[in-house]
Each structure stands twice: as C-alpha cells, then as structure tokens.
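Enquirer: Residue numbers (the working numbering), protein chains in the order written: chain A, 1 to 203; chain B, 204 to 406.
1) How is the beta strand (DSSP E) around residue 177 of chain A delimited, first residue to last?
2) Taking residue 307 of chain B as the reference, give the member of B/291, B/315 and B/333 with the closest Cα.
3) Please name the residue, chosen from B/378, B/286, B/343 and B/355, that lies closest to residue 240 of chain B on a Cα-to-Cα basis.
4) Out of B/336, B/255, B/295 and B/275, point me to the one whose CA is closest to residue 75 of chain A's CA.
5) Rounded to a whole number of angstroms, what is the C-alpha to C-alpha distance between residue 372 of chain B and residue 314 of chain B?
6) When the Cα of residue 321 of chain B is compared with those of B/289, B/343 and B/255, which residue comes out closest?
7) Could you check which residue in A/182, A/172 and A/181 has the C-alpha nearest to that of residue 122 of chain A?
8) Give me whichever residues DSSP pairs with residue 267 of chain B in a beta bridge.
9) Any beta-carbon of chain A closer than 8 Å to the one on residue 325 of chain B?
10) Are the beta-carbon atoms of residue 300 of chain B and residue 264 of chain B separated by less than 8 Å?
11) Would the segment 253-271 of chain B count as touching the segment 390-400 of chain B if we require 3 or more Cβ pairs under 8 Å?
12) Of the choices A/127, A/63, A/16 and A/21, whose alpha-carbon is the least far from that of residue 224 of chain B?
13) Could you give the residue range of the beta strand (DSSP E) that holds residue 222 of chain B?
14) If we define contact as Cβ-Cβ less than 8 Å, is residue 321 of chain B a contact residue for chain A?
15) Under 8 Å, Cβ to Cβ, is there at least one residue of chain B near residue 178 of chain A?
16) Ignore the nearest five residues each way along the sequence and tell me which others in residue 261 of chain B's own chain have a CB closer than 7 Å to its CB.
17) Please classify residue 336 of chain B: does DSSP put it in a helix, a strand, or coil?
18) Please list, in chain order, all residues of the same chain as residue 305 of chain B whose beta carbon is under 6 Å from its beta carbon, the five residues on each side excluded.
19) Between the beta-carbon of residue 135 of chain A and the beta-carbon of residue 42 of chain A, is there less than 8 Å?
20) Check whether chain A comes within 8 Å of residue 373 of chain B, counting only Cβ atoms and requiring the distance to be less than that.
21) Does DSSP put residue 192 of chain A in a helix, in a strand, or in coil?
22) Run through DSSP, which three-state label would residue 34 of chain A get?
23) Of all the residues that make up the segment 280-299 of chain B, which are near chain A by a beta-carbon distance shorter than 7 Å?
24) Mind listing the chain A neighbours of residue 339 of chain B? Cutoff is C-beta to C-beta under 7 Å, in chain order.
25) Is residue 298 of chain B near residue 258 of chain B, with beta carbons less than 8 Å apart?
26) Could you tell me the boundaries of the alpha helix (DSSP H) in which residue 92 of chain A lies?
27) Is it buried or exposed for residue 145 of chain A, if we count other Cβ within 10 angstroms and need 16 for buried?
28) Would you decide whether residue 31 of chain A is buried or exposed? Buried here means 16 or more other CB atoms lie within 10 Å of its CB.
29) Buried or exposed: where does residue 316 of chain B fall if 16 or more other Cβ atoms within 10 Å of its Cβ makes it buried?
30) Considering only the beta carbon of each residue, do residue 139 of chain A and residue 164 of chain A sit closer than 8 Å?
31) Determine the chain B residues that contact residue 52 of chain A at a beta-carbon separation under 7 Å, and present them in chain order.
32) Can you tell me the Cα-Cα spacing of residue 222 of chain B and residue 100 of chain A, whole angstroms?
33) Buried or exposed: which applies to residue 183 of chain A, given that a residue is buried once 16 or more other Cβ atoms fall within 10 Å of its Cβ?
34) Suppose the cutoff is 8 Å on Cβ atoms and the five residues either side in sequence are ignored; what does the same chain contact list for residue 287 of chain B look like?
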C-alpha cells in the first residue's frame, strides 16, 4: 500500500457514488451474512450449498465463502497458530462485509469455533446483517460422517488443534437459527433458513 | 484456520454447488475486473465511480474496490513496506477474483504502480476476466489537482515512497484500455470503457 493510495477519494470533482442501497435494490433483496458455525462434519457446507441453490431458484444473488475458495486464495499462507486463526476469521468477516456492501446474500461456512471471533464479525456489520446459524450436530454423528477419518487421526494425536477433540468448540448461546440436525433433515434445515429470511424481509 | 476447516468439502452427501456461470447468468453479464492503474490524482476513482454509475443505469451488477473500503478493513494493519505493499495488491486481487466468481463486474481503483503486482493479479484470473485500464494523466496535472498538497509534501520529503516523486510508477505497456485524460473528458473515458465492455460481450 502506497502512502498516497488513499488521498484521491477527497478530490473535489467526485460526484455520484453508487451505494449499498442502490446495489441491493437492483437485486431486490436485503443483503446479509448467513454465518454457519459448527463442528467439522456437522453439515455446514451441505446445508449452505443447498440454501444457495434454493436462493438461486428464487433469483436471489448470493455468494458462498468456504474452505474451497478462501483457504487457497485470500488466506493462503496463514498457519494454524492462534493469531493466524483469528486473522483467518477476521478476513472472512471483512470480505463478507464487502459482499454485503455489494448487495449480496453471503453464506459463510467455517467451523469458527470461538465466540469472540464470531462476535467480532458480528460487530463489523450493521444491525440485522449478521445471522448466526448454528449447525448443531452431535460429535458422534460428525465422527461417523467424516470420510477421511480426521476424527480418528485427531484422537491418535496425528492432527493437532482439532475442534471437538483437541481444541474447544464454543457453541453459540443465542444463535439466530438453531439447526438440530439429529432431528432435522437437510431439507428441513434449508426450509427453516429460507422461512427466516422471508419472515424477516431479506427476500 | 483450524486444521480440520477444509475437510467437509469432500463429504459424500454434497450435491448441487451453484457455480460462476449460474450466478453470472442471473445477472445477465460476463463478470470481469476493470483494473484501474495510474498516479495519485490521475482520476482513477472519479472515472471508476462514473463507470459504476453508468453500469447501474444499465442494471448491471458491480462492485468498486478502493481505498475507502479496503484500507480500513481487509488491509488494515498493512504497512508501507515492500512486502506489505505486495500483500496489499495480492489481497485486492484475491477479493476481485471472489467477486468475479460471484458474477460481479469489479472496478478496482488503486495506484498499483508495479507491473509485477498487476501481472500477478492478471494471472489469478481466467482469460478475458482481467481488463487493465491505464489512467494516463501527466504528473503536472495530477499535482495541480491534488487538494491536500500531497505532491508538495512528497517533494519536501515529508511523505516518503510517494509514487511519481520518490517511488517509481511503472506504466502499463499494453493496457487493454488507455485513457489519455489530458485530451479526454471524464465522459469520454467512461464511454470508452462502456464501449469496450459492450464490444467484447461483457454486458
């Protein structure tokens, strides 16, 4: 970043800036972040993908942030240290904010185990723009689902800092949407989120 | 980032992923990055804002990245060191790529003085997704425009690493769009960009 990068925003011949409201109006929706949090294997990505597909059917404008597009790109080079894990979630939060500013409904699917980190993202956004979705799946179910046997490896100590095994998961105490996946199907989880968005006027 | 953040993308009960083509089709446009480069005060932000307003009139879906929304957010904490300046442009490139993946036409307005950094962003994107826009304004004109007297301060040595004064500006040798603002009005610059986008099938 150059020391003069930031000055031309003040030049007097600036005129019309397109704003969040205009971008959202074009999309006929109220932008927000659906912040999925839950254990590895809890179903965050599956549910988020299904919600995105449903929103596309409704001609809504979305974007899904997950390990696939973040880990090898923007957050490449971050380690698993405490500081870097914090920075990982901070950047995802800042990018979510940019997408909300662009009028998009963002779906963010990361374990994001720590309350403090989630709270920080919440505070970046305006009232009503952050929707916490707790994908609440018993760890035994997550372990069974895990196709790579990561839980097994974690238990043997072959993987360190594994959430739920060797690192804490701080469950949300007041999630906006609480999905108990042991008694709800994926379809029911999706409906629950879509109903929430409709009831609250996002769609 | 947790060591198990990345595994659930492979779980077998994943089904439909909404893709770039679907998001773009909904928006009736071909996403791309308009990468504005030029000296401080050259008119990057002014032209980019005017292009965004014009695209909104045409019901196109855009997002503008500039000092206002990047410097105090995602790239907060980066210094003016060589490494951090590189990292600044890298992150802007990665975020641009995410927006393109979301189907958006991105306008990025940063001095971005070094060819190598711009080339790296170019290489992040698919063919045709990166459009280099050289805002070519004589430095004397930039100096006159500058309302904060930053060029004066740079000449006195009060600001260091100031592009065009104490740090190099490497002009593009083959920009996709070359705007000679000493002989073109803002309107003509905007028209030139819109015509390019139409001719090449982005709109």
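Using N, Cα and C, we set each Cβ at its ideal position, and we do this for glycine too.
Expert: Taking the coordinates as given:
1) The residue labelled residue 177 of chain A in the question sits at position 177 within the first chain. Boundaries of the beta strand (DSSP E) harbouring residue 177 of chain A: 177-180, taken from the DSSP string.
2) For the purposes of this step, residue 307 of chain B is identified with residue 104 of the second chain, where counting begins at 1. Checking every option, the nearest Cα to that of residue 307 of chain B belongs to B/333.
3) Reading the second chain from its first residue, position 37 is the one you call residue 240 of chain B. For residue 240 of chain B, the nearest C-alpha among the options comes from B/378.
4) For this step, residue 75 of chain A is matched to residue 75 along the first chain. Nearest C-alpha to residue 75 of chain A: B/295.
5) By 1-based counting over the second chain, the position of residue 372 of chain B is 169. By 1-based counting over the second chain, the position of residue 314 of chain B is 111. Their Cα atoms are separated by approximately 9 Å.
6) Residue 321 of chain B sits at position 118 when you count from the first residue of the second chain. The residue from B/289, B/343 and B/255 with its alpha-carbon nearest to that of residue 321 of chain B is B/289.
7) Residue numbering aside, residue 122 of chain A sits at position 122 when the first chain is read from its first letter. Residue 122 of chain A has its Cα closest to that of A/172, out of A/182, A/172 and A/181.
8) Taking the second chain and counting its residues from 1, the one referred to as residue 267 of chain B is at position 64. Bridge partners of residue 267 of chain B: B/310.
9) Translated into positions along the second chain, residue 325 of chain B becomes position 122. At least 8 Å separates the CB of residue 325 of chain B from every CB of chain A.
10) Walking along the second chain from the start, residue 300 of chain B turns up at place 97. Walking along the second chain from the start, residue 264 of chain B turns up at place 61. No, the Cβ-Cβ distance between residue 300 of chain B and residue 264 of chain B is not below 8 Å.
11) Verdict: yes, contact present.
12) Residue numbering aside, residue 224 of chain B sits at position 21 when the second chain is read from its first letter. When each option's Cα is compared against that of residue 224 of chain B, the closest is A/63.
13) Numbered from its first residue, the second chain carries residue 222 of chain B at position 19. Secondary structure note for residue 222 of chain B: it is in no beta strand (DSSP E), with a DSSP letter that is neither H nor E.
14) Position 118 of the second chain, counted from the first residue, corresponds to residue 321 of chain B. So no, residue 321 of chain B is outside the interface.
15) Position 178 of the first chain, counting from 1, holds the residue named residue 178 of chain A. Chain B has no Cβ within less than 8 Å of the Cβ of residue 178 of chain A.
16) In the second chain, counting from the first residue as 1, residue 261 of chain B sits at position 58. Closer than 7 Å at the Cβ level, and outside the excluded window around residue 261 of chain B, lie 406.
17) Position 133 of the second chain, counting from 1, holds the residue named residue 336 of chain B. Looking at residue 336 of chain B - three-state DSSP - the assignment turns out to be strand.
18) The residue labelled residue 305 of chain B in the question sits at position 102 within the second chain. Excluding residues up to 5 positions away in sequence, 226 lie with their Cβ nearer than 6 Å to the Cβ of residue 305 of chain B in the same chain.
19) For the purposes of this step, residue 135 of chain A is taken as residue 135 along the first chain, with counting starting at 1. For the purposes of this step, residue 42 of chain A is taken as residue 42 along the first chain, with counting starting at 1. It is a contact, given that the beta carbons lie within the stated cut-off.
20) Taking the second chain and counting its residues from 1, the one referred to as residue 373 of chain B is at position 170. No, because no Cβ of chain A sits closer than 8 Å to the Cβ of residue 373 of chain B.
21) As a working note, residue 192 of chain A is residue 192 in the first chain. Three-state DSSP puts residue 192 of chain A in a helix.
22) Within the first chain, numbered from 1, the residue matching residue 34 of chain A stands at position 34. Look at residue 34 of chain A here: in three-state DSSP terms it is strand.
23) Taking 7 Å as the Cβ-Cβ cut-off against chain A, the residues of the segment 280-299 of chain B that qualify are 281, 283, 287, 288, 291, 294, 297 and 298.
24) Position 136 of the second chain, counted from the first residue, corresponds to residue 339 of chain B. Within chain A, no residue comes near residue 339 of chain B; the closest Cβ sits about 15 Å away, beyond 7 Å.
25) Start at 1 with the first residue of the second chain, and residue 298 of chain B comes out as number 95. Start at 1 with the first residue of the second chain, and residue 258 of chain B comes out as number 55. Not a contact, by the Cβ cut-off of 8 Å.
26) Your numbering for residue 92 of chain A matches position 92 in the first chain. 82-101 is the extent of the alpha helix (DSSP H) around residue 92 of chain A.
27) Within the first chain, numbered from 1, the residue matching residue 145 of chain A stands at position 145. By the 10 Å Cβ count, residue 145 of chain A comes out buried.
28) As a position in the first chain, residue 31 of chain A is number 31, starting the count at 1. Classification of residue 31 of chain A: buried, given that the 10 Å Cβ count is 16 or more.
29) The sequence position of residue 316 of chain B within the second chain is 113, counting from 1. It counts as buried.
30) On the first chain, residue 139 of chain A is found 139 positions in, with the first residue counted as 1. On the first chain, residue 164 of chain A is found 164 positions in, with the first residue counted as 1. For residue 139 of chain A and residue 164 of chain A, yes; Cβs fall inside 8 Å.
31) Against the first chain, residue 52 of chain A aligns to sequence position 52. Those within 7 Å of residue 52 of chain A in chain B are 221.
32) In the second chain, counting from the first residue as 1, residue 222 of chain B sits at position 19. In the first chain, counting from the first residue as 1, residue 100 of chain A sits at position 100. Going by the C-alpha atoms only, they are around 19 Å apart.
33) Here residue 183 of chain A refers to the residue found at position 183 of the first chain. Residue 183 of chain A should be labelled exposed.
34) Translated into positions along the second chain, residue 287 of chain B becomes position 84. Here the set comprises 281.
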